[in-house]
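*Asks:* Heads up, the sequence shown is in UniProt numbering, so the first residue is 25 and it goes up one at a time. Even glycine gets a Cβ: it sits at the ideal position worked out from N, Cα and C. What you are looking at is a predicted structure, and each value in this text was computed from that prediction instead of being measured.
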Amino acid sequence: TLSDRLSATFRNLRGKGRLSEADIDATAREIRIALLEADVALPVVRTFIKNVKERCLGAEVSRALNPSQQVIKIVNDELVQILGGETRRLRFAKTPPTVIMLAGLQGAGKTTLAGKLAKWLKDQGHSPLLVACDLQRPNAVNQLGVVAERAGVAVYAPEPGNGVGDPVKVAKDSIDYARTKVHDIVIVDTAGRLGIDQEMMQQAADIRDAVHPDEILFVVDAMIGQDAVNTAEAFRDGVGFDGVVLTKLDGDARGGAALSIRQITGKPIMFASSGEKLDDFDAFHPDRMASRILDMGDLLTLIEQAEKTFSQEEAAKMASKLASKKGQDFTLDDFLAQMEQVRKMGSISKLLGMLPGMGQIKEQIQNIDERDVDRTAAIIKSMTPAERQDPTIINGSRRARIARGSGVEVSAVKNLVERFFEARKMMSRMAQGGGFPGMPGMPG
Ligand code: GDP
Ligand code: MG
Numbered sequence: 025t026l027s028d029r030l031s032a033t034f035r036n037l038r039g040k041g042r043l044s045e046a047d048i049d050a051t052a053r054e055i056r057i058a059l060l061e062a063d064v065a066l067p068v069v070r071t072f073i074k075n076v077k078e079r080c081l082g083a084e085v086s087r088a089l090n091p092s093q094q095v096i097k098i099v100n101d102e103l104v105q106i107l108g109g110e111t112r113r114l115r116f117a118k119t120p121p122t123v124i125m126l127a128g129l130q131g132a133g134k135t136t137l138a139g140k141l142a143k144w145l146k147d148q149g150h151s152p153l154l155v156a157c158d159l160q161r162p163n164a165v166n167q168l169g170v171v172a173e174r175a176g177v178a179v180y181a182p183e184p185g186n187g188v189g190d191p192v193k194v195a196k197d198s199i200d201y202a203r204t205k206v207h208d209i210v211i212v213d214t215a216g217r218l219g220i221d222q223e224m225m226q227q228a229a230d231i232r233d234a235v236h237p238d239e240i241l242f243v244v245d246a247m248i249g250q251d252a253v254n255t256a257e258a259f260r261d262g263v264g265f266d267g268v269v270l271t272k273l274d275g276d277a278r279g280g281a282a283l284s285i286r287q288i289t290g291k292p293i294m295f296a297s298s299g300e301k302l303d304d305f306d307a308f309h310p311d312r313m314a315s316r317i318l319d320m321g322d323l324l325t326l327i328e329q330a331e332k333t334f335s336q337e338e339a340a341k342m343a344s345k346l347a348s349k350k351g352q353d354f355t356l357d358d359f360l361a362q363m364e365q366v367r368k369m370g371s372i373s374k375l376l377g378m379l380p381g382m383g384q385i386k387e388q389i390q391n392i393d394e395r396d397v398d399r400t401a402a403i404i405k406s407m408t409p410a411e412r413q414d415p416t417i418i419n420g421s422r423r424a425r426i427a428r429g430s431g432v433e434v435s436a437v438k439n440l441v442e443r444f445f446e447a448r449k450m451m452s453r454m455a456q457g458g459g460f461p462g463m464p465g466m467p468g
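Structure follows, in structure tokens:
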């Protein structure tokens, strides 16, 4: 999948101290393959790669992030950008009812979506009316009735037993009906075919002309891959639409379709549907979709927090300490400062979920909790400045005093000092590799 390839790409980057132009080129190539394999359309891939490369080459050296984290951040930013940036909200008519028309292939999930959208709007205090304009399939009207009942909203449908009705007339009449029954929103469910079909397209266009929708939503199954683009283009030309709804995001599809549709049609993805239940539905959030495509655990969140938390001076100070050859001027005070830094970034347990691919370390951290961090802080605070500066002077009697002062066993003090020396060794090693500053407070 796209996410697997991207993860592999970023795994190769991890641990690099500095990225060369060749590194960036190689990374761009990998991302390109990953996107193509995920069915993202070629022109979209090209634009994407171009933007990412430009930004990587022009990127300022960040103090909070190492180069590979910086690349991940850029890729993520560009993904969010290409997915539409901000979430686009529904436009409501100045004079109700607001008319929302659903269009798309058969099986795309229109009828299911009609119910979800209706419930979502109802929960926000609206009074939606569902309109059954799919008179193609024998059971379609029933299906919408069931959906409406589940959503607890009203439905407008042709009288049963009238034979095949006229969907355009039903649509038109439903608007008057909505006015008299004071529904402020009308959601028009339409028929679809398995393939793109002229007659169906014409019917949708006729319904559109009859009801003048405020929003035409193109509903598309995220699983159909590259076909999504052709279908979207056909609907854009045949009916036109204002926004896109991606359905079946609960499947394996990682979102190649989403990238392509947004970029090629220029229309925003407005909603995402992710299951058969009425509540499996939400406004579309480009940033969440980008994370899903990248599938980097919560690494992105971690990166964001690291950026926020690390003040520039702190980071610079830390960096110069780490760069010092033997790391000898890394003191227990720094150890404590780092620990508080980690705490600022979120509780240790939360950090666990944010380190994809770091299984070993994860397991280690799993064994400690916040209280351990508190205890460590208490021990260090019971030391004199001289002891913090040079822990080698901590002998038996000093240990006993520190233990008394912090209310722990003498062995805990001993243990902490050993962990500190371990951490210092690790710090100097990382400094040479230029990696992300280590996690103090971890058992050695
Ligand atoms: P329509 O022909 O466009 O009206 O599509 P339907 O609403 O009838 O949906 C077709 C099938 O897809 C039904 O079996 C739905 O239960 C299913 N479906 C719709 N939306 C989703 C979704 O988000 N996730 C999953 N897993 N199934 C969905
Ligand atoms: Mg339907």
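Find out if the Cβ-Cβ distance for the pair Gln402, Ser430 is shorter than 8 Å.
*Replies:* Translated into the one-based positions of the sequence shown, residue 402 becomes position 378. Translated into the one-based positions of the sequence shown, residue 430 becomes position 406. According to the sequence shown, residue 402 is Ala rather than Gln. Yes, they are a contact pair.
*Asks:* If we count Cβ pairs, one from each stretch, closer than 8 Å, do we get three or more for the stretch 203-221 versus the stretch 96-103?
*Replies:* Cβ pair count under 8 Å is below three, so no.
*Asks:* Taking DSSP as the reference, what is the three-state secondary structure of residue 525?
*Replies:* Because the chain spans 25 through 468 in this model, residue 525 falls outside it and cannot be assessed.
*Asks:* Leaving out five residues on either side along the sequence, give the residues of the same chain with a beta carbon under 7 Å from the beta carbon of Thr355.
*Replies:* For the purposes of this step, residue 355 is taken as the residue at position 331 of the sequence shown. Cβ within range, chain order: Arg412, Gln413.
*Asks:* Output the boundary residues of the beta strand (DSSP E) element that contains Pro152.
*Replies:* The count along the sequence shown starts at 1 and reaches residue 152 at position 128. Where Pro152 is concerned, the enclosing beta strand (DSSP E) stretches over 152-157.
*Asks:* Identify, in the order they occur along the chain, each residue of the same chain with its Cβ nearer than 7 Å to the Cβ of Lys77, setting aside the five sequence neighbours on each side.
*Replies:* As a working mapping, residue 77 is identified with position 53 in the sequence shown. Around Lys77: Ile48, Ala52.
*Asks:* Hey, Ser297 and Val263 are a contact pair by Cβ (cut 8 Å); roughly how many whole angstroms apart?
*Replies:* As a first step, residue 297 must be located in the sequence shown, where it is residue number 273. As a first step, residue 263 must be located in the sequence shown, where it is residue number 239. Ser297 to Val263, Cβ: 20 Å. No contact.
*Asks:* Measure how close the beta-carbons of Arg174 and Gly139 come, nearest whole angstrom, since I'm counting them as under 8 Å.
*Replies:* Position 150 of the sequence shown, counting from 1, holds the residue named residue 174. Position 115 of the sequence shown, counting from 1, holds the residue named residue 139. With 8 Å as the limit, Arg174 and Gly139 qualify as a contact, their Cβ atoms being about 6 Å apart.
*Asks:* With DSSP collapsed to three states, give me the class of Ala296.
*Replies:* Numbered from 1 along the sequence shown, position 272 holds the residue referred to as residue 296. Strand, per DSSP.
*Asks:* Tell me the rounded alpha-carbon separation between Glu257 and Val69.
*Replies:* On the sequence shown, position 233 is the one that residue 257 refers to. On the sequence shown, position 45 is the one that residue 69 refers to. For Glu257 and Val69, the distance between alpha carbons rounds to 18 Å.
*Asks:* Could you check whether Thr111 and His236 sit closer than 8 Å to each other, using their CB atoms as the reference points?
*Replies:* As a working mapping, residue 236 is identified with position 212 in the sequence shown. As a working mapping, residue 111 is identified with position 87 in the sequence shown. Cβ atoms of His236 and Thr111: not closer than 8 Å.
*Asks:* Report whether the distance from the Cβ of Gln227 to the nearest heavy atom of the ligand GDP is below 7 Å.
*Replies:* One-based indexing of the sequence shown puts residue 227 at position 203. No, since every heavy atom of the ligand GDP falls outside the 7 Å radius drawn around the Cβ of Gln227.
*Asks:* Below 7 Å, is the gap between the Cβ of Gly197 and the nearest heavy atom of the ligand MG?
*Replies:* Indexing the sequence shown from 1 puts residue 197 at position 173. Position check: residue 197 holds Asp in this sequence, whereas Gly was assumed. No, Cβ of Asp197 sits at least 7 Å from all heavy atoms of the ligand MG.
*Asks:* Flag this pair as yes or no: are the beta carbons of Gln93 and Thr135 separated by less than 8 Å?
*Replies:* To locate residue 93, count along the sequence shown from 1; it is residue 69. To locate residue 135, count along the sequence shown from 1; it is residue 111. Cβ distance not < 8 Å, so Gln93 and Thr135 don't count as in contact.
*Asks:* For the stretch 145-223, which segments carrying the beta strand (DSSP E) assignment without a break, of at least 3 residues, lie completely within its bounds, in sequence order?
*Replies:* Entirely contained in the stretch 145-223, the beta strand (DSSP E) runs reaching 3 residues are, in chain order, 152-157, 178-180, 209-214.
*Asks:* Express the C-alpha separation of Met225 and Thr255 in angstroms, rounding to a whole number.
*Replies:* Start at 1 with the first residue of the sequence shown, and residue 255 comes out as number 231. Start at 1 with the first residue of the sequence shown, and residue 225 comes out as number 201. Approximately 11 Å between the Cα atoms of the pair.
*Asks:* Under the rule that 16 or more other beta-carbon atoms within 10 Å means buried, what is Thr271, buried or exposed?
*Replies:* Here residue 271 is taken as the residue at index 247 of the sequence shown, counted from 1. By the neighbour-count rule (16 or more Cβ atoms within 10 Å), Thr271 is buried.
*Asks:* Kindly indicate which three-state DSSP category Ala132 falls into: helix, strand or coil?
*Replies:* In the sequence shown, residue 132 corresponds to position 108, counting from 1. In this structure, Ala132 counts as coil in the three-state DSSP scheme.
*Asks:* Report yes if the CB atom of Ala202 is closer than 8 Å to the CB atom of Ala246, and no otherwise.
*Replies:* Your numbering for residue 202 matches position 178 in the sequence shown. Your numbering for residue 246 matches position 222 in the sequence shown. No, they are not a contact pair.
*Asks:* Buried or exposed, going by whether 16 or more other CB atoms sit within 10 Å of the CB of Ile209?
*Replies:* As a working mapping, residue 209 is identified with position 185 in the sequence shown. The residue is buried, with at least 16 neighbouring Cβ atoms inside 10 Å.
*Asks:* Does any heavy atom of the ligand GDP sit closer than 7 Å to the C-beta of Gln160?
*Replies:* Against the sequence shown, residue 160 aligns to sequence position 136. Result no, Cβ not under 7 Å from the ligand GDP.
*Asks:* How should Ile417 be labelled, buried or exposed, when 16 other C-beta atoms within 10 angstroms of its C-beta is the threshold for buried?
*Replies:* As a working mapping, residue 417 is identified with position 393 in the sequence shown. Exposed, because fewer than 16 other Cβ atoms sit within 10 Å of the Cβ of Ile417.
*Asks:* In three-state terms, what does DSSP make of Asp306?
*Replies:* Mapped onto the sequence shown, residue 306 falls at position 282. Three-state DSSP puts Asp306 in a strand.
*Asks:* From what residue to what residue does the alpha helix (DSSP H) around Leu241 run?
*Replies:* As a working mapping, residue 241 is identified with position 217 in the sequence shown. Leu241 -> not in any alpha helix (DSSP H); beta strand (DSSP E) instead, spanning 239-245.
*Asks:* Which value, in whole angstroms, describes the spacing of the CA atoms of Ala46 and Leu81?
*Replies:* As a working mapping, residue 46 is identified with position 22 in the sequence shown. As a working mapping, residue 81 is identified with position 57 in the sequence shown. If I take the Cα positions, the gap works out to 11 Å.
*Asks:* Tell me whether the beta-carbon of Val155 lies closer than 8 Å to the beta-carbon of Val194.
*Replies:* In the sequence shown, the residue the question calls residue 155 occupies position 131. In the sequence shown, the residue the question calls residue 194 occupies position 170. Yes. Within cutoff.
*Asks:* My guess is that Val64 and Leu283 are in contact by the Cβ rule of under 8 Å, so how many angstroms apart are they, rounded?
*Replies:* Working through the sequence shown from its first residue, we reach residue 64 at position 40. Working through the sequence shown from its first residue, we reach residue 283 at position 259. Their Cβ separation, rounded to whole angstroms, is 5 Å, which keeps Val64 and Leu283 in contact under 8 Å.
*Asks:* Would you mind reading off the limits of the beta strand (DSSP E) that contains Gly267?
*Replies:* On the sequence shown, residue 267 is found 243 positions in, with the first residue counted as 1. Residues 267-271.
*Asks:* Quick one: is the Cβ of Lys272 within less than 7 Å of any heavy atom of the ligand GDP?
*Replies:* Indexing the sequence shown from 1 puts residue 272 at position 248. Indeed, a heavy atom of the ligand GDP lies less than 7 Å from the Cβ.
*Asks:* Could you please give the first and the last residue of the uninterrupted beta strand (DSSP E) stretch that includes Val123?
*Replies:* Against the sequence shown, residue 123 aligns to sequence position 99. Its beta strand (DSSP E) spans residues 122-127.
*Asks:* Taking 7 Å as the cut-off, does the CB of Thr255 come closer than this to any heavy atom belonging to the ligand MG?
*Replies:* Numbered from its first residue, the sequence shown carries residue 255 at position 231. No.
*Asks:* At the level of alpha carbons, what is the spacing between Gly189 and Asp304?
*Replies:* Against the sequence shown, residue 189 aligns to sequence position 165. Against the sequence shown, residue 304 aligns to sequence position 280. Going by the C-alpha atoms only, they are around 32 Å apart.
*Asks:* Quick check on the burial criterion: 16 or more other C-beta atoms within 10 angstroms. Buried or exposed for Ala62?
*Replies:* For this step, residue 62 is matched to residue 38 along the sequence shown. The residue is buried, with at least 16 neighbouring Cβ atoms inside 10 Å.
*Asks:* Exposed or buried, what is Thr71 when buried is set at 16 or more other beta-carbons lying within 10 Å of its beta-carbon?
*Replies:* Sequence index remark: in the sequence shown, residue 71 carries index 47 (1-based). Looking at its Cβ environment, which holds fewer than 16 other Cβ atoms inside 10 Å, Thr71 is exposed.
*Asks:* Any heavy atom of the ligand GDP within a distance shorter than 7 Å of the CB on Val243?
*Replies:* Position 219 of the sequence shown, counting from 1, holds the residue named residue 243. It does: the Cβ of Val243 is within 7 Å (strictly closer) of some heavy atom of the ligand GDP.
*Asks:* Taking Gln105 as the reference, give the member of Ile220, Asn75, Asp357 with the closest Cα.
*Replies:* As a first step, residue 105 must be located in the sequence shown, where it is residue number 81. Nearest option by C-alpha distance: Asn75.
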